[in-house]
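Trainee: When we follow our numbering, the leftmost residue of the sequence shown carries the number 1051, and every step to the right adds one.
We treat Cβ as the ideally placed atom computed from N, Cα and C, and that holds for glycine.
Please read through the structure below; I'll follow up with questions.
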Amino acid sequence: MEDNILLLANCFHIATFNDSMDELKGQDILIEGNRIKEIGEGIELSTEEINGAEIIDCSSYLVIPGMINTHHHLFQNLTRNLPSVQNVKLFDWLTHLYPIWVNIDGEAIYYSTLLGCGELLKTGATTTTDHHYLYPESFKGDLMEIQFEAALELGIRFSPSRGSMTMGRKEGGLPPREVTQSTEEVIEDSMRVINKFHDPRPLSMRRITLAPCSPFSVGRDLMIKIAELARAHSLPLHTHLAETLDEEKYCLERFKKRPLELMEELNWLGEDVYFAHGIQFNDAELDLLSRTKTAISHCPSSNMRLGSGIARVREMLDRGIIVGLGVDGSASNDSSDMLGEARNAMLLQRVKYGPKGLSAREALSLAIKGGAEILNFPELGSIEEGKGADLALFNLKDIQYAGGLSDPLATIVFAGYNHETVYTIVNGKIVVREGKLVNLCEEEIVENVNRISADLTKRH
Ligand SMILES: [Zn+2]
1051 MEDNILLLAN CFHIATFNDS MDELKGQDIL IEGNRIKEIG EGIELSTEEI
1101 NGAEIIDCSS YLVIPGMINT HHHLFQNLTR NLPSVQNVKL FDWLTHLYPI
1151 WVNIDGEAIY YSTLLGCGEL LKTGATTTTD HHYLYPESFK GDLMEIQFEA
1201 ALELGIRFSP SRGSMTMGRK EGGLPPREVT QSTEEVIEDS MRVINKFHDP
1251 RPLSMRRITL APCSPFSVGR DLMIKIAELA RAHSLPLHTH LAETLDEEKY
1301 CLERFKKRPL ELMEELNWLG EDVYFAHGIQ FNDAELDLLS RTKTAISHCP
1351 SSNMRLGSGI ARVREMLDRG IIVGLGVDGS ASNDSSDMLG EARNAMLLQR
1401 VKYGPKGLSA REALSLAIKG GAEILNFPEL GSIEEGKGAD LALFNLKDIQ
1451 YAGGLSDPLA TIVFAGYNHE TVYTIVNGKI VVREGKLVNL CEEEIVENVN
1501 RISADLTKRH
C-alpha cells in the first residue's frame, strides 16, 4: 500500500510546541504516511507525489499538535446531566449512579465510546485513554474489543486502561457487589487484554494502561499485583487519587494513612504512575510527587462541577511535576470538549493564583506535551519533521476569533465558543473534515446514544 500524501499549504499560523515553542507563519506541512515529512515555505510536490496527494489550503488555519486526553470514563456519556445528581458531591454522585451503570451492555459501550471519542476528535484531541472500571456481572462480552472497534472506526489513537473494582460494600468499599470482580478475575483479564491488544511500537494505535479505580473501591493486594504486572510490560499505571476530602477521611479511617502515603506503601509512585485529579495534596506530598516523577492528570471541569476543589497545578509545574489534562467522565463534566478543558484549566488556576496562574500556552502544553509524556508517546506532542502526523486545525477566520488575531495561538483559549476544529488529522489521515466526523454518521451516533441513555435512566 502506498503512503498517503497530504500537503497543508500556506498555513496561517503553526504552533510547533517543539522545545523552543517556535511558531511559524505561511509555511507548509507535508505529511507522508503517518509522519510529518517536511515543514517549509512553498513545498513543491514531485509529479509522482502529486498523483493522489491531497492539498488543503490552510491560509485561514491555526495548526497545533493533536491534544492528548489522559482521563475519561466513556460509558458515563450515557448518564450525563442527570437531574438527580446535578448538584451533589462525588461519593453521593457515585452511589446514585452505580445502580444505573450496572445495566450497561455491549451496545451501550460501543455507542458511548463513539460519542466521547467523536467529541474529542471534533475539539482537537487525537489520542485518548479511557478508564473503564465497571464490569457488571451480567455482561459477558469482550468489553475492550468493543471499545477498540469503535475507536478505530472513528480513527482516534486509543490507549485505554483496564480498570477494576474489587471491594463491594460488604468489604468496606463504595460500589455495589454487582459491579466488582475478584482480584484473580481482574489480573487474568488484564493479562488477556495486554496480550490481545497492546501494541508497543512507535505511533501505535492500540496501547493498554492498567488502572484500578480508586483507594475506596479496590483492595491493597490488587494494587500491588497490578503494579507488578504493568511494570513487567512497561505499561503506565493510573488511578484516581486525592480528589476529595471524603476520600482522605476514608483512607485515614481505614488505612490510617493519607492517600499518597498509601500509594507509597503500595509501590505506586514513579515515572510510570499518574493520578487523576490530585487536588488534596500538601506541600510535602507535592515534593514527593516531584522527587519520584509521578504525574498528574488535571481535570478542571470535573473538579469544578463536583465542587471537589482546585488542584495546585501552578505549584506542580513550578516543582517540575508532569501534568496532563483530562476531560474526565462525561457524567461529571459533562462533555468531551478537549479545547474547552484547556480553557477551563487556564481560568481555574487564575481563580487560585491570579492572572499569572496559567498562561494559554501552558494550558495547551498540558493538553499536548503533558499528555504525550504521561501516555508514553515520545513521537507525538510537537510538530517537527519525523514526528507523528497528529494535528488539529482551527479556522481563525471564523466569527468567534475575529478581533483576536494579535496572538493567533492564545486566541483559541481566550476566545472561541464551540472549540471545534475544521480538520483533525490522526496518524496522517483526516478524521474530521470541515468540522464533521469523516468515518461515521454523527446523526446515527446521537440517535442511538439518546435511545440507550433514555432506556438506562428511565427509572431514575
Ligand atoms: Zn475519573
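Find the nearest neighbour of Leu1338 within the set Arg1369, Asn1353, Met1071, judged by alpha-carbon distance.
Mentor: With distances taken between Cα atoms, Leu1338 lies closest to Arg1369.
Trainee: Counting beta carbon pairs with one atom in the stretch 1140-1150 and one in the stretch 1287-1301, are three or more of them shorter than 8 Å?
Mentor: Enough Cβ pairs lie closer than 8 Å, so yes.
Trainee: I need the straight-line Cα distance from Gly1213 to Ile1100, nearest angstrom please.
Mentor: So the two alpha carbons sit approximately 46 Å from each other.
Trainee: Just the C-alpha distance for Pro1210 and Thr1177, rounded to the nearest angstrom, thanks.
Mentor: Spanning the two alpha carbons is a distance of roughly 10 Å.
Trainee: Examine ligand 1 and report whether any of its heavy atoms sits within less than 6 Å of the Cβ of Asp1378.
Mentor: Yes; taking the cut-off as 6 Å, the Cβ of Asp1378 has a heavy atom of ligand 1 nearer than that.
Trainee: The alpha helix (DSSP H) with Leu1204 in it runs from where to where?
Mentor: 1193-1204 is the span of the alpha helix (DSSP H), which, as asked, contains Leu1204.
Trainee: Lys1393: buried (16+ other C-beta within 10 angstroms of its C-beta) or exposed?
Mentor: Checking the displayed sequence, the identity of residue 1393 turns out to be Arg instead of Lys. Burial call: buried.
Trainee: Does the separation of the CB atoms of Ile1372 and Glu1435 fall below 7 Å?
Mentor: No, they are not a contact pair.
Trainee: How is the beta strand (DSSP E) around Thr1177 delimited, first residue to last?
Mentor: Start and end: 1175-1178.
Trainee: Buried or exposed: which applies to Thr1512, given that a residue is buried once 16 or more other Cβ atoms fall within 10 Å of its Cβ?
Mentor: What is shown of the chain runs 1051 to 1510, which leaves residue 1512 out entirely.
Trainee: Does Ser1096 pass the burial test, meaning 16 or more other C-beta atoms within 10 Å, or should it be called exposed?
Mentor: Exposed is the call here.
Trainee: Does the contact criterion of 3 or more C-beta pairs under 8 Å hold for the stretch 1178-1187 versus the stretch 1227-1245?
Mentor: Segments in contact, yes.
Trainee: Indicate the three-state DSSP secondary structure (helix, strand or coil) for Thr1461 in the structure shown.
Mentor: If DSSP states are grouped into helix, strand and coil, Thr1461 belongs with the helices.
Trainee: Give a yes or no on contact between the stretch 1474-1492 and the stretch 1194-1205, applying the rule of three or more CB pairs nearer than 8 Å.
Mentor: With the cut-off at 8 Å, the stretch 1474-1492 and the stretch 1194-1205 touch.
Trainee: Rounded to whole angstroms, what is the Cα-Cα separation between Val1268 and Gln1126?
Mentor: For Val1268 and Gln1126, the distance between alpha carbons rounds to 20 Å.
Trainee: Below 7 Å between beta carbons: does that hold for Pro1265 and Leu1312?
Mentor: Against a cut-off of 7 Å, the Cβ pair of Leu1312 and Pro1265 comes out as a contact.
Trainee: Tell me the DSSP bridge mates of Ile1480?
Mentor: Partner(s): Ile1475.
Trainee: Check His1063 in the structure and name its three-state DSSP category.
Mentor: Looking at His1063 - three-state DSSP - the assignment turns out to be strand.
Trainee: Name the two residues that bound the continuous alpha helix (DSSP H) containing Phe1444.
Mentor: Run containing Phe1444: none in the alpha helix (DSSP H); it sits in the beta strand (DSSP E), 1441-1445.
Trainee: Going by the beta-carbon positions, is the gap between Leu1056 and Ile1081 smaller than 7 Å?
Mentor: In this structure, Ile1081 lies closer than 7 Å to Leu1056 by Cβ.
Trainee: Would you call the CB atoms of Ala1065 and Ile1105 closer than 7 Å?
Mentor: No, the Cβ-Cβ distance between Ala1065 and Ile1105 is not below 7 Å.
Trainee: Extract the residue ranges of the alpha helix (DSSP H) inside the stretch 1223-1250, only unbroken runs of 4 or more that lie entirely within it.
Mentor: Correct list: 1233-1247.
Trainee: Measure from the alpha carbon of Val1481 to the alpha carbon of each residue in Asn1332, His1469, Asp1440, then state which is nearest.
Mentor: Of the listed residues, the one whose Cα sits closest to Val1481 is Asp1440.
Trainee: Is the beta carbon of Ala1326 within less than 6 Å of some heavy atom of ligand 1?
Mentor: Answer for Ala1326: yes, Cβ within range of ligand 1.
Trainee: Comparing alpha-carbon positions, which option in Val1499, Ser1432, Leu1443, Leu1506 lies nearest Arg1085?
Mentor: The residue with the shortest Cα to Cα distance from Arg1085 is Ser1432.
Trainee: According to DSSP, which residues form a beta bridge with Gly1090?
Mentor: DSSP lists Asp1078 as partners of Gly1090.
Trainee: Have a look at the DSSP bridge pairing and note the partners of Ala1326.
Mentor: Answer is His1290, Ser1347, bridged to Ala1326.
Trainee: Kindly identify the DSSP beta-bridge partner or partners of Asp1107.
Mentor: DSSP output for Asp1107 lists Ala1059 as bridge partner(s).
Trainee: With 16 other CB atoms within 10 Å as the buried threshold, where does Met1051 fall?
Mentor: Confidence at Met1051 is low in this model, with a pLDDT of 49, below 50, so the placement of that residue should be treated as unreliable; the coordinate-derived value is given next. Looking at its Cβ environment, which holds fewer than 16 other Cβ atoms inside 10 Å, Met1051 is exposed.
Trainee: Does the distance from the C-beta atom of Ala1261 to that of His1181 stay below 7 Å?
Mentor: Result yes, Cβ atoms of Ala1261 and His1181 sit closer than 7 Å.
Trainee: In this structure, does DSSP put Asn1489 in helix, strand or coil?
Mentor: Correct three-state label for Asn1489: coil.
Trainee: By Cβ distance, which residues of its chain are closer than 6 Å to Arg1400, with the 5 residues on each side in sequence left out?
Mentor: Cβ within range, chain order: Gly1407.
Trainee: Quick check on the DSSP output: what are the complete alpha helix (DSSP H) runs of length 4 or more inside the stretch 1338-1403, in order along the chain?
Mentor: Segments of the alpha helix (DSSP H) lying fully in the stretch 1338-1403: 1350-1355, 1363-1368, 1388-1403.
Trainee: Within the same chain, show all residues whose beta-carbon is closer than 8 Å to that of Arg1483, passing over the 5 residues directly before and after it, in chain order.
Mentor: Closer than 8 Å at Cβ, skipping near neighbours: Tyr1473.
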